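Heads up, the thing below is written out as structure tokens.
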Amino acid sequence: MLKPAKMQCSAPRSSPFQHYKEHSEFFRVLFFLLPQARPRPNYSSIMHVRVRFAPSPTGFLHIGGARTALFNWLYARHTGGTFILRIEDTDAARNTESAVNIIIEGLRWLGLEWDEGPQTSNADGRSMGQAGPYFQSRRSAIYQARVEELKMKGLAYEHEGAVKFRMPREPITINDLVVGEVRRELTDRESKDPDFVIVRSDGQPVFHLVNVVDDLEMDITHVIRGEDHLSNTAKHIALFNAFGTPPPRYAHIPLILNTDGSKMSKRDQGASLISYMQEGFVPEAVANYLCLLGWSPKDNREILAQSEIISRFDLPQILRHNARFDFTKLRWLNWEYIRSMERDRYLKLAVSAMEQAGFDLSKVPPDYTAAALLTCKEKVQQLSELASLAGFYFRDDMTFEESVRAKEFNPESGACLLRLKSSLEALDLFSADHIQQVLKRLAAESYVKMSVFVHPLRVACTGSTTGPSLYHLVEILGKSRVIHRLDQALALCG
RNA sequence: GACCCUAUCGUCUAGCGGUUAGGACACCGCCCUUUCACGGCGGGUGCACGGGUUCGAGUCCCGUUAGGGUCGCCA
54 MLKPAKMQCS APRSSPFQHY KEHSEFFRVL FFLLPQARPR PNYSSIMHVR VRFAPSPTGF
114 LHIGGARTAL FNWLYARHTG GTFILRIEDT DAARNTESAV NIIIEGLRWL GLEWDEGPQT
174 SNADGRSMGQ AGPYFQSRRS AIYQARVEEL KMKGLAYEHE GAVKFRMPRE PITINDLVVG
234 EVRRELTDRE SKDPDFVIVR SDGQPVFHLV NVVDDLEMDI THVIRGEDHL SNTAKHIALF
294 NAFGTPPPRY AHIPLILNTD GSKMSKRDQG ASLISYMQEG FVPEAVANYL CLLGWSPKDN
354 REILAQSEII SRFDLPQILR HNARFDFTKL RWLNWEYIRS MERDRYLKLA VSAMEQAGFD
414 LSKVPPDYTA AALLTCKEKV QQLSELASLA GFYFRDDMTF EESVRAKEFN PESGACLLRL
474 KSSLEALDLF SADHIQQVLK RLAAESYVKM SVFVHPLRVA CTGSTTGPSL YHLVEILGKS
534 RVIHRLDQAL ALCG
């Protein structure tokens with residue numbers, strides 16, 4: 054089996070110069086003699102790229118599917134081509150409008166706008182593009198005509214009420230842009246009966262048929278999909294051949310596995326894109342992370358602007374092996390995006406995360422909310438962590454876990470809190486600086502470290518031993534709230 | 001069972017015959033420090049195994065092993 058060079062560029066395979074690097078001396082001379090020959094012809098200028106994401110609306114958008122969509126989108130943007138969304142809703146039983154909506158909202162959240170496809174989840178609703186309908190459930194006539202065509206050509210036949218396609222018995226060679234040249238032989242089971250069903254006995258066309266017909270009718274030039282379809286591709290190529298149309302270029306991208314290396318299925322943690330939307334992830338961070346699975350900018354950088362990814366992204370450099378999903382690294386990336394996020398956008402996302410966690414901020418002064426949430430901006434990896442980190446700002450009564458209560462509140466800390474209370478009460482200007490001065494002074498007077506006062510104060514104010522910068526949080530809470538909380542804590546000190 | 005793909009630190013990756021095998025996340029130590037962090041400095045960990053080819057192999061070839069995928073009247 055011949056494996057083509059991994060670094061083969063986007064140039065059409067027909068180019069005799071694609072391996073010029075391997076014969077540099079020879080071609081250097083050749084290029085000199087033939088100035089019209091370019092080492093890297095620009096693929097996009099030769100052909101207008103049309104790619105599609107074709108999910109089945111199952112009520113779920115798999116993170117791997119999201120990455121497939123992302124890679125298609127990136128390739129379209131990279132080449133100046135067209136990104137198409139097609140809904141493969143041939144299985145009527147489990148397809149609902151809300152299931153389509155999950156796909157649409159997921160893609161929009163990730164920022165993957167499509168150039169052609171539905172604009173709403175309604176199969177008969179508005180759409181963009183001239184190659185519609187973009188719902189397979191509305192393309193029955195097209196499939197029927199194509200099946201008739203195959204029958205006429207003697208390439209399909211009735212069998213027990215279904216229609217079967219005459220699959221070639223010879224091995225089929227797939228020329229994959231990522232995997233390379235793959236010679237696919239029939240399996241032993243297929244050898245017994247190579248022909249496969251393209252229309253079920255109930256009249257419904259099956260995936261292999263509709264997928265190929267749509268790619269053909271929609272002039273899809275590149276099929277970028279998960280590697281789980283690599284073996285099926287032989288069937289698809291055979292179908293294209295049967296229709297007398299050259300197949301598109303294929304690019305099978307590696308799969309995303311669980312951390313333990315097992316296949317990521319629906320039920321696995323983090324398998325659904327919706328979970329990221331709900332758990333405080335920033336779409337750019339998720340997209341950035343997804344890009345790094347199976348693709349690399351090769352310059353030791355992890356955080357990349359979308360525009361940069363678009364200009365660098367290409368199919369031949371995609372890795373061939375599966376990647377395990379590293380939730381910890383995603384969280385780190387998300388933190389990087391949150392901390393460098395523009396203030397107002399952060400506030401918007403932070404407020405909605407708090408509301409999602411059950412906090413009603415509608416009656417809280419906006420300035421207070423903003424100041425409070427801003428103290429946590431660089432401290433959360435997911436926006437959903439805000440509820441526990443900043444919750445104390447928005448609660449009237451502190452609750453203390455038994456362990457915290459036993460450890461932090463005792464006669465000694467009570468004494469500290471009492472002095473803290475009178476000193477803070479006397480403070481005219483309740484600012485972080487002045488509050489810090491008070492702590493410093495008290496510690497100096499008692500010949501103890503600041504932490505002797507810092508710790509009880511933090512626990513009294515926030516209910517926790519960790520949190521935002523103490524002096525700022527005390528300032529933001531304001532004198533009356535702080536005094537009230539000190540009283541509450543004092544009552545627990547015995 | 002058959003067919004197909006894959007194999008560099010724990011994870012994501014750089015590497016395209018000659019490297020002290022680089023980076024990131026995670027982890028450990030020290031410094032800074034009002035907590036948790038951030039930041040700074042330093043550290044450990046890797047070419048699955050076995051054969052070839054070659055002066056020289058992480059890199060090319062073959063095999064083994066392991067992982068993943070496919071073989072539906074699912075998509």
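Going left to right, the first sequence walks through residues 54 to 547 as the numbering used here numbers them.
For glycine and all other residues, C-beta sits at the position ideal for the given N, C-alpha and C.
If you're wondering where the values come from, they're calculated on a predicted model, not measured in any experiment.
If you follow the alpha helix (DSSP H) that G297 is part of, which residue opens it and which one closes it? Note, G297: premise wrong, no alpha helix (DSSP H); not H, not E.
Taking the alpha-carbon of F296 as reference, which of L473, D168, R219 and I157 has the nearest alpha-carbon? R219
When you compare the CB positions of V232 and R373, do they come within less than 7 Å of one another, or not? yes
Leaving aside the five residues before and after I273 along the sequence, list all residues of the same chain whose C-beta is less than 6 Å from its C-beta, in chain order. R103, R105 and P301
Extent of the continuous alpha helix (DSSP H) to which M215 belongs: Residue 215 is actually Ala in this sequence, not Met. A215 -> not in any alpha helix (DSSP H); beta strand (DSSP E) instead, spanning A215 to F218.
Which runs of the beta strand (DSSP E) spanning at least 3 residues fall entirely within the segment 276–324, listed in chain order? 302–306
Tell me G233's beta-bridge partners as DSSP assigns them. D229
By Cβ distance, which residues of its chain are closer than 8 Å to N285, with the 5 residues on each side in sequence left out? H261
Three or more C-beta pairs below 8 Å linking the segment 522–541 and the segment 487–499: yes
Assess contact between the segment 351–358 and the segment 328–336, defined as three or more Cβ pairs (one per stretch) separated by less than 8 Å. Is contact present? no
Check whether the segment 173–185 touches the segment 134–143, counting contact only when three or more Cβ pairs, one atom from each stretch, lie closer than 8 Å. yes
Among A304, G444 and M394, which has the Cα closest to the Cα of Q370? A304
Could you tell me the boundaries of the alpha helix (DSSP H) in which H487 lies? A485 to S499
Between which two residues does the beta strand (DSSP E) carrying V250 extend? F249 to V252
What's the gap between the Cα of S456 and the Cα of E478? 29 Å
T274, enclosing alpha helix (DSSP H) - first and last residue: Taken as a continuous stretch (DSSP letters only), T274 belongs to no alpha helix (DSSP H), as it is neither H nor E.
Rounded to the nearest angstrom, what separates K382 and M205 at their Cα positions? 55 Å
Is E169 helix, strand or coil when you go by DSSP? strand
Could you pull the DSSP bridge partners for R105 from this structure? I137
Identify, in the order they occur along the chain, each residue of the same chain with its Cβ nearer than 6 Å to the Cβ of T515, setting aside the five sequence neighbours on each side. F445
For a test of the three-state rule: what should DSSP assign to Y390, helix, strand or coil? helix
Cutting at 7 Å between CB atoms, please list the residues of its own chain near L86, excluding the five before and the five after it. Here the model assigns L86 a pLDDT of 36, short of 50, so the residue's position is not dependable, and the following value carries that caveat. If we look at L86 and ignore the five residues flanking it on each side, it has no Cβ neighbours.
If you draw a straight line from the C-alpha of P94 to the C-alpha of K430, how long is it? Caution is warranted here: a pLDDT of 40 is assigned to P94, below 50, making its placement in the model unreliable, and the coordinate value is therefore given only provisionally. Rounded to whole angstroms, P94 to K430 spans 47 Å at the Cα level.
If we count the other Cβ atoms within 10 Å of its Cβ and call it buried at 16 or more, is E438 buried or exposed? buried
Would you tell me roughly how many angstroms separate the C-alpha atoms of K288 and R398, rounded to the nearest one? 48 Å
Per-residue DSSP class, three states only, for H261: helix
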